[in-house]
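Peer 1: Residue numbers (numbering that gives the first Met the number 0), protein chains in the order written: chain A, 0 to 383; chain B, 0 to 383. Heads up, the beta-carbon is just placed ideally off N, CA and C, and yes, glycines get one too. The model shown is predicted, which means the values in this text are computed figures rather than measured ones. Dumping the structure here so I can ask a few things about it.
Number of protein chains: 2
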Amino acid sequence: MAEKRYLLTPGPTPVPPEVLAELAKPVIHHRERDYREIYEQCLARLREVYRTEHDVLMFTTSGTGAFESAVANLTSPGDRQLVISAGNFGERWAGMARAFGADLVHTRLEWGETPEPEDLRSALAEAGDVRVVYLTHSETSTGVVCDVQSLAAVAKEAGALVVVDAVSSLGAVPLETDAWGIDVVVSGSQKALMCPPGIAFVSVSPAALEAASISTSPRYVMDWERTRKAQAKLDAPFTPAIPIVRAQNVALGLLLEEGLEAAFGRHARLGRACREGAKAMGLELFSPDEESSAVVTAIRAPDGVDATEIVEGLRNRFAITIANGQGDLKGKIFRIGHIGWFNVFDITTALAAVELVLTDAGAEIERGVAVTRALEAWAEHTPV
Amino acid sequence: MAEKRYLLTPGPTPVPPEVLAELAKPVIHHRERDYREIYEQCLARLREVYRTEHDVLMFTTSGTGAFESAVANLTSPGDRQLVISAGNFGERWAGMARAFGADLVHTRLEWGETPEPEDLRSALAEAGDVRVVYLTHSETSTGVVCDVQSLAAVAKEAGALVVVDAVSSLGAVPLETDAWGIDVVVSGSQKALMCPPGIAFVSVSPAALEAASISTSPRYVMDWERTRKAQAKLDAPFTPAIPIVRAQNVALGLLLEEGLEAAFGRHARLGRACREGAKAMGLELFSPDEESSAVVTAIRAPDGVDATEIVEGLRNRFAITIANGQGDLKGKIFRIGHIGWFNVFDITTALAAVELVLTDAGAEIERGVAVTRALEAWAEHTPV
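Here it is as structure tokens:
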């Protein structure tokens, strides 16, 4: 039988067949009318998903590249900025701000902790005049989704611009760009937006654009103003990744057809199903056992088993790809993604396979309960 | 009948169906074994096409983005650098080097001129201690392909690093990265490499990497050393545009199956067929009437006809996309691309349609001779 594969990582994520089919269409020119129509629709849909009236700028790059555009456009050497981090991606943003010469205050929590408004408030008070605060909405390395609304409010109070990494959260958990006063929201095509990787996005508030107009970091392709001006004429300043943009437009159409609130509810239920299933078979969660853990579930490997063994077992025996821990957590936790084109049977597939691999590895696992419990939890009502 | 479309611009270019089909395959993870195998093969094929033993770094970006990586990695503010330009892209590189704070000498020829070694030699002598020279191999805005081998030799003599924009030339006309001593060759997926846009490449000589290690321009995603280190382990530092990389691998396989020399010969014959056909119907060439004009043919609109009318006529009446002039040449010239997945019937299609549109516009065009002459010219032997 042809191998049947399962991509269950927190990004890249599996994409619907309609999206794959769109990729295979003959190349059209990005200055043609047809492309402009697709582009216009895609930008409008992005604004709808972002819940913003302002521009969402599109770049041919990874999520990290789009985040770099925020740093490059908002940083002059010596600018006082603050990163609050509790995992791999937060630390990446700190490294990036330093690479651009920011006078960086790095508030570093333990990996897996949830940054709280009080943490940020005291860090800002101590740091003094901070101009930009970088937040990670969903820390993909740990499964933590923080309360970015409250954190942003604290940063705004202190007079800072707020930049949010929403690469793995946008479209999966609630995020209100304008209503929450977030100046810059960074996201990418390959997570909850159900598209392959290749393009990434940045929403920009008027205050962010104003700050960009005086920042001195050199940039060209990633320059916000150049891209904003081009997009205003439905032009792309540089040749875009045409098939990915088309695919993204189709994927956003599917997401908006489901409805954002429905998608948020689905992700919450997927997270709950995954956690309940894992706990039922006796495993300990690493990510918080809370409704907000709707993006990726991080689970501790049981005593005596290396998480790498689990990840490789799933891959080698069942062609199922999940994720290992990152950094110091490698081998200690494994991560099941449920972002984007996922339903409960993806969760039960992952749990059933984990159960098999752990049992064969000699772990004490209660058989047969994980799938049942996951399905029960999935069926519970999720208030929106 | 379903509309039959023809993409005959100098990029993005049409891609073979095998390449489109590859795009539509389900997403795999970029740290999986299967992806690594594809990635390894793609990087090896790139080195073969580049004719280099050194690393070819892959970035998720446009050709302009990859060029920016060269500027960012080779420039510290105040560095003396030189751009010799004779068209839109050369001017872009000058603007970019300035944006990164280079002390730039910009030797600016008229658009459509061919930069000659003597132009560069005298510019370098006058400028003094130039550390980096930027050259445009194929100036897509004018159709000029310069003698980059001789120009690079002049730059090397003067002790400068040589960076070549080969975005539209690599795979279409001869380019010997190592044998010609070129430190950095920039190219992109969407021209002669027969793939949709989305990824771009930079070959880096040991001298270029050494220079990058001391340059102070801030960069993160585009940092050469970070990407080089990751590639050495067959890792990608950031999530790559997975479908585009897969498609690029297939397209490079097709190119190498044809053989580089055969592909160069084909492009030379395509250029010759296009020029001969255009001249036969009484049109005046803008790009040089030389064998080197193998990438894009720029043709002057006849008296009394605006080139925009020709471009729009082809698009609106026949769904054929060709390119207008850029900058001051807009409306004055039109450009037929023949880069990548092209054969002579693409040229005869373009010429036949131009003949129809011009005739209807009242231009004095000799009917029926262009296609015949193009086919004759195509049949002539091309010495390699």
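Mind checking aspartate 234 of chain B: buried by the 16 CB within 10 Å criterion, or exposed?
Peer 2: Residue numbering aside, residue 234 of chain B sits at position 235 when the second sequence is read from its first letter. Burial call: exposed.
Peer 1: Would a C-beta distance cut-off of 9 Å place valine 59 of chain A and glycine 197 of chain B closer than the cut-off?
Peer 2: By one-based count along the first sequence, residue 59 of chain A stands at place 60. By one-based count along the second sequence, residue 197 of chain B stands at place 198. The identity of residue 59 of chain A in the sequence shown is threonine, whereas the question assumes valine. Against a cut-off of 9 Å, the Cβ pair of glycine 197 of chain B and threonine 59 of chain A comes out as a contact.
Peer 1: Can we say the region 237 to 251 of chain B touches the region 14 to 24 of chain B, given the rule of at least three CB pairs closer than 8 Å?
Peer 2: Contact between the region 237 to 251 of chain B and the region 14 to 24 of chain B is present, because at least three Cβ pairs lie under 8 Å.
Peer 1: Put threonine 428 of chain A into one of helix, strand or coil per three-state DSSP.
Peer 2: A question about residue 428 of chain A goes unanswered here, because the residues of chain A that appear run from 0 up to 383.
Peer 1: What does valine 220 of chain A reach in chain B if we use C-beta pairs closer than 8 Å?
Peer 2: Translated into positions along the first sequence, residue 220 of chain A becomes position 221. Neighbours of valine 220 of chain A on chain B, chain order: Thr60, Ser61, Thr63, Gly64 and Glu67.
Peer 1: Bridge partners for isoleucine 335 of chain B per DSSP, in chain order?
Peer 2: For the purposes of this step, residue 335 of chain B is identified with residue 336 of the second sequence, where counting begins at 1. Looking at the DSSP assignment, isoleucine 335 of chain B forms a beta bridge with B:Thr296.
Peer 1: Would glycine 142 of chain A and alanine 297 of chain A qualify as a contact pair, given that the criterion is a beta-carbon distance under 9 Å?
Peer 2: As a position in the first sequence, residue 142 of chain A is number 143, starting the count at 1. As a position in the first sequence, residue 297 of chain A is number 298, starting the count at 1. Yes; because the gap between Cβ atoms is below 9 Å, this pair is in contact.
Peer 1: Looking at serine 137 of chain B: is its Cβ nearer than 9 Å to the Cβ of asparagine 87 of chain B?
Peer 2: Numbered from 1 along the second sequence, position 138 holds the residue referred to as residue 137 of chain B. Numbered from 1 along the second sequence, position 88 holds the residue referred to as residue 87 of chain B. In this structure, asparagine 87 of chain B does not lie closer than 9 Å to serine 137 of chain B by Cβ.
Peer 1: From the beta carbon of serine 216 of chain B, is the nearest beta carbon of chain A less than 9 Å away?
Peer 2: The residue given as residue 216 of chain B occupies position 217 in the second sequence. For serine 216 of chain B, the answer is yes, since a Cβ of chain A falls inside 9 Å of its Cβ.
Peer 1: For the alpha helix (DSSP H) holding tryptophan 247 of chain B, just list the boundary residues, first then last.
Peer 2: The residue given as residue 247 of chain B occupies position 248 in the second sequence. The residue asked about is misnamed: residue 247 of chain B is glutamine in this sequence, not tryptophan. Residues 241 to 257.
Peer 1: Looking only at its own chain, which residues have a Cβ that is under 7 Å from the Cβ of alanine 306 of chain B, when we skip the five neighbours before and after it?
Peer 2: Here residue 306 of chain B refers to the residue found at position 307 when the second sequence is read from its first residue. For alanine 306 of chain B, where only same-chain residues beyond five positions count, the Cβ hits under 7 Å are Ala300, Asn323, Gly324, Gly330, Lys331, Ile332 and Phe333.
Peer 1: Select from B:Leu73, B:Glu109, B:Gly111 and B:Glu67 the residue whose C-alpha is nearest the C-alpha of methionine 95 of chain B.
Peer 2: Counting from 1 along the second sequence, the entry for residue 95 of chain B is found at position 96. That would be B:Glu67, whose Cα lies nearest to the Cα of methionine 95 of chain B.
Peer 1: Under a three-way DSSP split, which group does glycine 187 of chain A fall into?
Peer 2: In the first sequence, the residue the question calls residue 187 of chain A occupies position 188. Glycine 187 of chain A: strand per DSSP, three-state reduction.
Peer 1: Which runs of the alpha helix (DSSP H) fall wholly inside the region 1 to 54 of chain B and span at least 4 residues, in chain order?
Peer 2: Taking only runs of at least 4 residues, the alpha helix (DSSP H) segments lying wholly in the region 1 to 54 of chain B are 16 to 22 and 32 to 49.
Peer 1: DSSP three-state call for isoleucine 83 of chain B: helix, strand or coil?
Peer 2: Numbered from 1 along the second sequence, position 84 holds the residue referred to as residue 83 of chain B. Three-state DSSP puts isoleucine 83 of chain B in a strand.
Peer 1: Buried or exposed for asparagine 342 of chain A, please, with buried defined as at least 16 other CB atoms from any protein chain shown within 10 angstroms of its CB.
Peer 2: In the first sequence, the residue the question calls residue 342 of chain A occupies position 343. Flag for asparagine 342 of chain A reads exposed.
Peer 1: For threonine 347 of chain B and alanine 378 of chain B, which I take to be in contact (beta-carbon distance under 8 Å), what is that distance rounded to the nearest angstrom?
Peer 2: Taking the second sequence and counting its residues from 1, the one referred to as residue 347 of chain B is at position 348. Taking the second sequence and counting its residues from 1, the one referred to as residue 378 of chain B is at position 379. Their Cβ separation, rounded to whole angstroms, is 12 Å, which puts threonine 347 of chain B and alanine 378 of chain B out of contact at 8 Å.
Peer 1: By the DSSP assignment, the alpha helix (DSSP H) with aspartate 359 of chain A in it spans what residues?
Peer 2: Mapped onto the first sequence, residue 359 of chain A falls at position 360. Its alpha helix (DSSP H) spans residues 343 to 359.
Peer 1: As an exercise, report each continuous alpha helix (DSSP H) stretch of at least 4 residues that is fully enclosed by the region 86 to 146 of chain B, in chain order.
Peer 2: With a minimum length of 4 residues, the continuous alpha helix (DSSP H) runs that stay inside the region 86 to 146 of chain B are 87 to 98 and 116 to 126.
Peer 1: Using the beta-carbon of each residue, which ones in chain B are nearer than 9 Å to proline 25 of chain A?
Peer 2: Residue numbering aside, residue 25 of chain A sits at position 26 when the first sequence is read from its first letter. Neighbours of proline 25 of chain A on chain B, chain order: Arg4, Leu6, Pro13, Val14, Pro16 and Leu19.
Peer 1: In chain order, what residues of the same chain have a beta carbon less than 7 Å from the beta carbon of valine 304 of chain A, not counting five sequence neighbours either side?
Peer 2: For the purposes of this step, residue 304 of chain A is taken as residue 305 along the first sequence, with counting starting at 1. The residues are Leu357, Ala360 and Ala362.
Peer 1: Consult DSSP for serine 68 of chain B and reduce its assignment to one of helix, strand or coil.
Peer 2: What you label residue 68 of chain B is simply residue 69 of the second sequence in a count that begins at 1. Serine 68 of chain B: helix per DSSP, three-state reduction.
Peer 1: Please list the partners that threonine 320 of chain B has in chain A, where partner means a Cβ-to-Cβ separation under 7 Å.
Peer 2: Residue numbering aside, residue 320 of chain B sits at position 321 when the second sequence is read from its first letter. Near threonine 320 of chain B (Cβ distances below 7 Å), the residues of chain A are His28 and Glu31.
Peer 1: List the residues of chain C whose Cβ lies closer than 7 Å to the Cβ of isoleucine 241 of chain B, in chain order.
Peer 2: You won't find chain C in this structure, because its protein chains are A and B.
Peer 1: Do you know offhand how far asparagine 315 of chain B's Cα is from isoleucine 309 of chain B's?
Peer 2: In the second sequence, the residue the question calls residue 315 of chain B occupies position 316. In the second sequence, the residue the question calls residue 309 of chain B occupies position 310. When rounded, the distance between both Cα atoms is 10 Å.
Peer 1: Using DSSP with H/G/I as helix, E/B as strand and the rest coil, what is alanine 322 of chain B?
Peer 2: In the second sequence, residue 322 of chain B corresponds to position 323, counting from 1. Three-state DSSP puts alanine 322 of chain B in a strand.
Peer 1: Give, in chain order, every residue of the region 72 to 101 of chain B whose Cβ lies closer than 9 Å to some Cβ of chain A.
Peer 2: Listed by position, the residues of the region 72 to 101 of chain B near chain A (Cβ gap below 9 Å) are Thr74, Pro76, Arg91, Gly94, Met95, Ala98, Phe99 and Gly100.
Peer 1: Along the chain, where does the beta strand (DSSP E) containing valine 161 of chain A start, and where does it finish?
Peer 2: As a working note, residue 161 of chain A is residue 162 in the first sequence. Looking at the DSSP string, the run of the beta strand (DSSP E) that includes valine 161 of chain A is 160 to 164.
Peer 1: Within a Cβ cutoff of 6 Å, which residues of the same chain sit near cysteine 145 of chain B, ignoring the five residues on either side of it in sequence?
Peer 2: Counted from its first residue, the second sequence places residue 145 of chain B at position 146. Same-chain partners within the cutoff: Thr113 and Pro114.
Peer 1: Where do the N-terminal and C-terminal ends of the beta strand (DSSP E) with phenylalanine 200 of chain A fall, by residue?
Peer 2: Position 201 of the first sequence holds residue 200 of chain A. Here the beta strand (DSSP E) through phenylalanine 200 of chain A covers 199 to 203.
Peer 1: Does any residue of chain B bring its CB to less than 9 Å from the CB of glycine 281 of chain A?
Peer 2: Residue numbering aside, residue 281 of chain A sits at position 282 when the first sequence is read from its first letter. So no, glycine 281 of chain A is outside the interface.
Peer 1: Where DSSP assigns a beta bridge to methionine 221 of chain B, which residues make up the other side?
Peer 2: The sequence position of residue 221 of chain B within the second sequence is 222, counting from 1. Per DSSP, none; premise fails for methionine 221 of chain B.
Peer 1: Between the region 90 to 110 of chain B and the region 244 to 259 of chain B, can you find at least three pairs of beta-carbon atoms closer than 8 Å?
Peer 2: The region 244 to 259 of chain B vs the region 90 to 110 of chain B: no contact.
Peer 1: Against chain A, with Cβ distances strictly below 9 Å, would threonine 238 of chain B count as a contact?
Peer 2: On the second sequence, residue 238 of chain B is found 239 positions in, with the first residue counted as 1. Yes, because at least one Cβ of chain A sits closer than 9 Å to the Cβ of threonine 238 of chain B.
Peer 1: Taking 9 Å as the threshold (beta carbon to beta carbon), is arginine 314 of chain B in contact with chain A?
Peer 2: Sequence index remark: in the second sequence, residue 314 of chain B carries index 315 (1-based). At least one chain A Cβ lies under 9 Å of arginine 314 of chain B.
Peer 1: Spatial neighbours of phenylalanine 99 of chain A within its chain, please: CB distance less than 7 Å, with the 5 preceding and 5 following residues excluded, ordered by chain position.
Peer 2: Along the first sequence, read from residue 1 onward, the residue named residue 99 of chain A stands at position 100. Within the same chain, phenylalanine 99 of chain A has close Cβ partners Val70, Ala71, Thr74 and Ser216.
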